[in-house]
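Under this note's numbering, think of the first position of the sequence shown as 1, with each following residue one higher. Virtual Cβ for every residue (Gly too), placed ideally from N, Cα, C. These numbers come from a predicted model, not from an experiment. Taking it in order: structure first as structure tokens, then the write-up.
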Amino acid sequence: MIKLKELLKEEQLNEAISAEKAYMDLADYLEDFRKKWIKAALKEKPKFKSLIKKIDKEALELMNNADAMSTYIKTGHEW
């Protein structure tokens with residue numbers, strides 16, 4: 001019975017590590033998106049400035065949420 005409990009704990013740990021990595025990858029992607037694509041879009045199409053800024057704001061919020069989820073998974077504490 002102990003082996004089964006240990007295996008379940010290990011499986012949960014592996015799932016948590018995978019989820020944490022996925023959230024960190026998402027945060028990295030969104031940060032890259034904000035740095036490269038939004039700046040380029042503002043240069044290229046200044047007439048869409050308000051729309052681009054709204055997308056940037058939403059990307060930043062998603063990035064922060066992904067960071068918070070990663071921290072929650074690592075520490076087990078609410079963000």
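Between ARG34 and ASP56, the gap from beta carbon to beta carbon is short of 7 Å. DSSP places LYS21 within a helical segment (H, G or I) once states are collapsed to three. In this structure, ILE52 lies away from ALA19, with their beta-carbon atoms at least 7 Å apart. Contact between LEU42 and MET63 fails: their C-beta atoms lie close to 18 Å from each other, not under 8 Å. Secondary structure at LYS45: coil, using DSSP grouped into helix, strand and coil.
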